[in-house]
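Numbering (our numbering), first residue to last: 13 to 599.
Just so it is clear, CB atoms sit at the ideal spot from N, CA and C, and this is done for glycine as well.
Each remark here refers to the structure printed beneath this line.
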């Protein structure tokens with residue numbers, strides 16, 4: 013979703029592009045303009061809110077805070093604007109406070125930069141019955157600690173950063189007389205403000221067009237502003253009128269605040285803040301985690317500190333302009349502890365955590381402090397992931413195309429192309445297997461069982477293999493998962509139906525987690541599966557494998573080609589007792 017900004021390159025002084033555009037393969041204008049009159053919300057503080065994905069503007073639009081939904085494509089009044097005029101423009105910041113499982117609490121947003129920070133639940137909509145006249149849904153936070161003798165100094169153009177501890181860090185900005193070098197922390201759970209000691213005091217003023225971003229190791233990167241950052245970028249007359257605060261003092265060099273030369277006075281120094289947990293030797297460690305996770309799925313985090321972990325969270329990779337990080341989001345995750353591992357549950361949908369890149373953190377507690385790990389980049393994704401598998405079945409006169417693919421959010425999806433139809437349309441996805449969580453690899457055949465031939469799928473979920481069967485008659489139900497082996501496999505398996513046995517055995521070859529290949533056999537139609545039987549003599553790590561039954565040998569040898577590193581090798585299993593695997597033969 014994109015809105016506001018400049019309507020044309022020819023007129024950069026006009027910020028009032030009022031169209032709402034949504035990209036879903038192509039750009040399309042959705043609904044009426046944001047505003048009907050001349051009121052431009054230059055840089056609105058927008059947040060995607062659970063549970064339904066509404067977009068909330070904490071910055072007033074035409075005097076009200078509004079929400080927008082894709083379903084209605086219209087802006088609707090959510091609540092009155094914040095009572096402090098400092099929050100009506102683009103020189104203060106807002107933060108969506110941490111979202112915690114089971115995500116049943118209404119979302120809350122912190123706005124700060126004015127003399128008094130405020131918090132709102134956007135869904136506590138103002139009505140005559142619930143909101144008596146003169147009251148506001150914007151609630152003041154707990155009292156701030158003194159800075160330079162005052163508890164109510166504004167921080168115009170400050171930045172906010174959600175730390176992996178769950179606290180909100182506020183840095184930079186200025187009041188009417190000085191740059192704000194002190195750093196504050198807000199603990200939303202306790203509604204408590206803390207002003208950091210001298211170690212949290214910056215050396216470089218940060219004002220208009222400054223940034224602050226969380227780094228993967230948990231430090232905070234600060235940069236930007238103008239090199240006369242003790243003052244606003246703007247002239248005195250542009251400074252927000254805040255009751256009880258004088259206007260800014262005039263800079264010594266009046267020329268520096270002219271827009272046409274301000275670009276030559278950019279602040280190029282970078283400063284990095286190191287929270288106290290950075291130096292702790294007992295920080296927990298993430299050794300491995302998946303690079304891609306889907307929605308509502310269990311995923312494994314390997315850590316030697318599993319027994320100490322007290323929280324798991326995703327923090328979205330940030331982007332800042334005009335004191336506002338529009339991507340900022342902290343999403344706590346449910347989890348269980350295992351031996352040297354954490355099994356975490358990813359967010360249920362994109363309304364809780366929109367797709368994209370996040371930093372994964374685990375944290376322990378000691379000495380009354382939250383001690384986070386370094387972050388691990390993960391991509392929260394929706395749609396297909398992993399390698400799909402395609403076959404042509406004997407359904408329909410021409411033979412339908414059958415496609416099965418892992419879903420990024422967990423489970424599998426089945427697509428069908430009806431080749432009897434002139435347009436040959438694809439239908440799907442028909443989802444199944446969500447109970448196994450994330451599927452890493454999949455293989456499929458059409459077997460000789462059933463009236464027309466069942467679809468047989470073998471999937472690797474984690475380090476185990478499971479089997480699914482789709483009936484060949486209406487209502488074409490997917491059955492399973494049926495376990496094959498609970499652990500010990502890796503890579504992508506391959507499945508065929510051989511001509512061994514009266515019914516045709518199922519044959520699986522898969523890379524093994526400890527190296528080499530394993531062969532599993534089901535003597536149809538009986539259960540269970542037998543194996544794994546080692547394939548050839550290789551014990552090195554195998555990445556991928558493919559298999560056929562050839563015309564060589566009495567019944568047909570099994571022929572396997574495997575990728576080992578950057579090379580290919582060939583294995584052959586004799587079709588007569590003792591059914592010896594031969595190889596590897598280099599290709």
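Can you check DSSP and say which residues form a bridge with residue i?
| i | result |
| --- | --- |
| residue 307 | Answer by DSSP bridge pairing: none, since residue 307 is not bridged. |
| residue 91 | 77 |
| residue 210 | DSSP lists no partner for residue 210. |
| residue 222 | 236 |
| residue 151 | 131 |
| residue 524 | 501 |
| residue 559 | 572 |
| residue 336 | 333 |
| residue 323 | 375 |
| residue 284 | 233 |
| residue 168 | 186 |
| residue 345 | 324 |
| residue 425 | 417, 443 |
| residue 300 | 314 |
| residue 69 | 58, 78 |
Classify residue i: buried if its beta carbon has 16 or more other beta carbons within 10 angstroms, exposed otherwise.
| i | result |
| --- | --- |
| residue 337 | buried |
| residue 352 | exposed |
| residue 479 | buried |
| residue 96 | buried |
| residue 381 | exposed |
| residue 402 | exposed |
| residue 163 | exposed |
| residue 103 | buried |
| residue 519 | buried |
| residue 176 | buried |
| residue 436 | exposed |
| residue 514 | exposed |
Which value, in whole angstroms, describes the spacing of the CA atoms of residue i and residue j?
| i | j | result |
| --- | --- | --- |
| residue 453 | residue 471 | 6 Å |
| residue 296 | residue 34 | 41 Å |
| residue 596 | residue 573 | 9 Å |
| residue 499 | residue 314 | 16 Å |
| residue 145 | residue 350 | Bear in mind that a pLDDT of 48 at residue 145, under 50, signals an unreliable position, so the number given afterwards is only what the model happens to contain. Going from the Cα of residue 145 to the Cα of residue 350 covers about 54 Å. |
| residue 291 | residue 427 | 52 Å |
| residue 15 | residue 30 | 7 Å |
| residue 354 | residue 387 | 15 Å |
| residue 400 | residue 415 | 7 Å |
| residue 557 | residue 530 | 11 Å |
| residue 309 | residue 152 | 38 Å |
| residue 208 | residue 195 | 6 Å |
| residue 265 | residue 215 | The pLDDT assigned to residue 265 is 45, lower than 50, so where the model puts this residue is not dependable; a value taken from the coordinates is nonetheless given after this. Residue 265 and residue 215: Cα-Cα distance of roughly 21 Å. |
| residue 116 | residue 98 | 31 Å |
| residue 446 | residue 191 | 54 Å |
| residue 424 | residue 537 | 25 Å |
| residue 13 | residue 287 | 34 Å |
| residue 251 | residue 358 | The predicted model places residue 251 with a pLDDT of 44, which falls under 50 and marks its position as unreliable, so this point remains unresolved. |
| residue 466 | residue 79 | 49 Å |
| residue 586 | residue 594 | 8 Å |
May I ask which residues mark the beginning and end of the beta strand (DSSP E) holding residue i?
| i | result |
| --- | --- |
| residue 121 | 121-124 |
| residue 594 | 593-598 |
| residue 355 | 353-357 |
| residue 456 | 453-458 |
| residue 572 | 570-576 |
| residue 172 | 171-174 |
| residue 417 | 413-418 |
| residue 490 | 490-497 |
| residue 543 | 542-546 |
| residue 374 | 368-378 |
| residue 403 | 401-404 |
| residue 40 | 39-41 |
| residue 198 | 196-199 |
| residue 381 | 381-384 |
| residue 396 | Unbroken run through residue 396: none, as it is neither H nor E. |
| residue 531 | 529-534 |
What is the C-beta distance between residue i and residue j, in whole angstroms, given that I count them as a contact (C-beta under 8 Å)?
| i | j | result |
| --- | --- | --- |
| residue 325 | residue 344 | 5 Å |
| residue 483 | residue 462 | 6 Å |
| residue 28 | residue 110 | Incorrect: roughly 33 Å between the Cβ atoms, too far for contact. |
| residue 429 | residue 412 | 6 Å |
| residue 43 | residue 86 | 5 Å |
| residue 167 | residue 306 | That pair is no contact at about 39 Å. |
| residue 510 | residue 561 | 5 Å |
| residue 67 | residue 58 | 6 Å |
| residue 298 | residue 385 | 5 Å |
Can you find a C-beta in chain C that's less than 7 Å from the C-beta of residue i?
| i | result |
| --- | --- |
| residue 33 | Among the chains of the structure shown, chain C does not appear; only one protein chain is present. |
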